[in-house]
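Residue numbers (full-length UniProt numbering): 1 to 109.
Next up, the structure:
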């Protein structure tokens, strides 16, 4: 996916990297072939971890709780109904078909 993203980045674009879930279970991680775009488009790509910002959690919680109450901060759930749809929902995660948090609803009770 990163190969395709690099081709479509704007000049001087920035890419934040925080996870590589599609690579975690591969025996040999996928290679990147369009790295020339980093130079030709003058891109910046930087990794970060939530551990870098642990000290800001109290400030974040204050902000988030207030905005959730005011309905200014929303979350999106992609709900697949029924256990029979679980497999396709999980496959969809790895192919970018879902939006938001993928949930498998097995019962309405």
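Glycine included, each C-beta is placed from N, C-alpha and C at the ideal position.
Best match in the options for proximity to residue i [C-alpha to C-alpha]
| i | options | result |
| --- | --- | --- |
| residue 47 | 16, 107, 26, 70 | 16 |
| residue 77 | 87, 97, 59 | 97 |
| residue 29 | 1, 71, 101, 88 | 1 |
| residue 109 | 82, 52, 66 | 82 |
| residue 13 | 36, 107, 41, 56 | 41 |
Close beta carbons around residue i, own chain, < 8 Å, minus the five adjacent residues each side
| i | result |
| --- | --- |
| residue 49 | 18 |
Chain-order list of residues whose beta-carbon lies under 7 Å from that of residue i (same chain, five-residue window excluded)
| i | result |
| --- | --- |
| residue 94 | 22 |
Environment of residue i [buried if 16+ CB atoms lie within 10 Å]
| i | result |
| --- | --- |
| residue 80 | buried |
| residue 64 | exposed |
| residue 7 | exposed |
| residue 87 | exposed |
Separation of residue j from residue i, as counted between CA atoms
| i | j | result |
| --- | --- | --- |
| residue 11 | residue 3 | 16 Å |
| residue 5 | residue 38 | 11 Å |
| residue 54 | residue 60 | 10 Å |
| residue 102 | residue 91 | 11 Å |
| residue 70 | residue 106 | 31 Å |
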